[in-house]
């Protein structure tokens, strides 16, 4: 009986060891990554955030520009499950609006007599679903048209902050990802060429990077903001700002790639590939770049939050995107211009979204770097 127990426990351990021997590099990376708890949580958070931004029209209960003059600076709506001691499911209470006679401030009070159940896949405002068809299905909402469910309150014009946050996430995240793609292609290409060939090519690329890094960014954006006509289409301004962020941000990745190429271009496997008649393109793409996967992953995941912070900071300072475009930076600028921000702290929720997103990308980058290079080589 004892021998059978030992054999039964030894067999799974042996199978697990054989699985490690036969696993592909991608499977090994995923196994090591799954042990990094913060990285896994960050990955799920970013996936959910990306889906919310992608389907912002459906996730947001209201249109981002819908104005409610009788619901300005309304506080966040609380979600309840029990009413008078009985479980009735998720619902919100209605709000009654009064004005203080002495200060002329609008005061909102919860109306416990008005119970508004939260409906999933609720019919609300019409929107264009990715330009394919018209729809009015929203993820959640309430039936009473005179009341609203404002998870993050409203701004000074009565616009739902949660809806604007979802739509702003689409602009901010896409600007960061698109900018990183352009910067990644430029940095990877020029950095590998500079580190592999050396000589006058390396010197020329290095001087170009030093020139770009020496340009003061704030005066550049101030001049650009003054030069851009206000009548320009917001999409054109969005593309232009994304491209400029990419043209400025590729130098860091290029320096990392160049340094790694200088360190490994005389390694034995590179010399063997060169003697075997491999082309320069094949040596770079098939032999040298895969050996520095962890460095590329770390630089790439750190570049995304830099782009997000860049767009947010520029829009916050009024040098980037402008209304009517909705981005997290524009929302923060609107909150800054509001004098009664102390009375409506929920307007700073885009700042919390930026912080959480940047932290998630940093944790994700740490997890991917450790999984791709567990020995720190």
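Numbering (the working numbering), first residue to last: 11 to 387.
Glycine included, every Cβ here is placed at the ideal spot set by N, Cα and C.
Three-way DSSP call (helix, strand, coil) for residue i in this model
| i | result |
| --- | --- |
| residue 150 | strand |
| residue 455 | For the chain, the structure presents residues 11 to 387; residue 455 sits outside this window and is missing. |
| residue 104 | strand |
| residue 380 | helix |
| residue 238 | coil |
| residue 365 | helix |
| residue 224 | helix |
| residue 122 | strand |
| residue 85 | coil |
| residue 15 | For residue 15, the predicted model reports a pLDDT of 49, less than 50, meaning its position is unreliable; a value from the coordinates is still stated below. Three-state DSSP puts residue 15 in a helix. |
| residue 138 | strand |
| residue 229 | helix |
| residue 98 | strand |
| residue 117 | strand |
| residue 275 | coil |
| residue 165 | coil |
| residue 158 | coil |
| residue 243 | coil |
| residue 216 | helix |
| residue 310 | helix |
| residue 334 | coil |
| residue 143 | strand |
| residue 127 | strand |
| residue 6 | Look at the range of the chain in this structure, 11 to 387, and you will see that residue 6 is not part of it. |
| residue 75 | coil |
| residue 371 | helix |
| residue 175 | helix |
| residue 327 | coil |
| residue 207 | helix |
Residue j beta carbon less than 9 Å from that of residue i
| i | j | result |
| --- | --- | --- |
| residue 104 | residue 76 | no |
| residue 204 | residue 150 | no |
| residue 146 | residue 133 | yes |
| residue 284 | residue 293 | yes |
| residue 183 | residue 59 | yes |
| residue 43 | residue 51 | no |
| residue 368 | residue 315 | yes |
| residue 159 | residue 71 | yes |
| residue 185 | residue 82 | no |
| residue 313 | residue 180 | no |
| residue 89 | residue 97 | no |
| residue 319 | residue 55 | no |
| residue 358 | residue 345 | yes |
| residue 336 | residue 141 | no |
| residue 152 | residue 129 | yes |
| residue 206 | residue 290 | yes |
Given residue i as reference, the closest of the options once Cα atoms are compared
| i | options | result |
| --- | --- | --- |
| residue 53 | 351, 311, 205 and 242 | 311 |
| residue 131 | 67, 45 and 160 | 67 |
| residue 106 | 100, 97, 117 and 208 | 117 |
| residue 317 | 333, 188 and 340 | 188 |
| residue 69 | 170, 285, 328 and 197 | 170 |
| residue 109 | 90, 101, 93 and 84 | 84 |
| residue 308 | 213, 195, 196 and 376 | 376 |
| residue 334 | 267, 302, 242 and 371 | 242 |
| residue 361 | 250, 175, 140 and 143 | 175 |
| residue 245 | 137, 142, 332 and 320 | 332 |
| residue 329 | 94, 233 and 215 | 233 |
| residue 306 | 137, 199 and 357 | 199 |
| residue 192 | 119, 250, 373 and 178 | 250 |
| residue 87 | 56, 126, 115 and 61 | 126 |
| residue 80 | 222, 214, 207 and 155 | 155 |
| residue 374 | 269, 138, 228 and 48 | 48 |
| residue 324 | 34, 247 and 289 | 247 |
| residue 213 | 268, 65, 254 and 227 | 268 |
Cutoff 6 Å; reference residue i; Cβ partners in own chain excluding five residues on either side
| i | result |
| --- | --- |
| residue 326 | 339, 342 and 343 |
| residue 381 | 39, 42 and 43 |
| residue 322 | 338, 339 and 364 |
| residue 172 | 161 and 162 |
| residue 93 | 125 |
| residue 355 | none |
| residue 190 | 313, 314 and 317 |
| residue 372 | none |
| residue 46 | 377 |
Own chain partners of residue i with C-beta closer than 8 Å, once the 5 adjacent residues on each side are dropped
| i | result |
| --- | --- |
| residue 265 | 201 and 219 |
| residue 135 | 72, 73, 76, 146 and 148 |
| residue 194 | 260, 263, 310 and 313 |
| residue 144 | 136, 137 and 138 |
Residue i Cβ short of 8 Å to the ligand COA heavy atom set
| i | result |
| --- | --- |
| residue 298 | Among the components modelled here there is no ligand, and therefore nothing to report on the ligand COA. |
Cβ neighbours of residue i in the same chain (closer than 7 Å, five flanking residues each side left out)
| i | result |
| --- | --- |
| residue 280 | 274, 293, 297 and 298 |
| residue 121 | 103, 104, 105 and 106 |
| residue 223 | 261 |
| residue 209 | none |
Does the region 155–169 come into contact with the region 247–265, if we say contact requires no fewer than three beta-carbon pairs (one atom in each stretch) closer than 8 Å? No, because fewer than three Cβ pairs between the region 155–169 and the region 247–265 fall closer than 8 Å, the two stretches do not touch.
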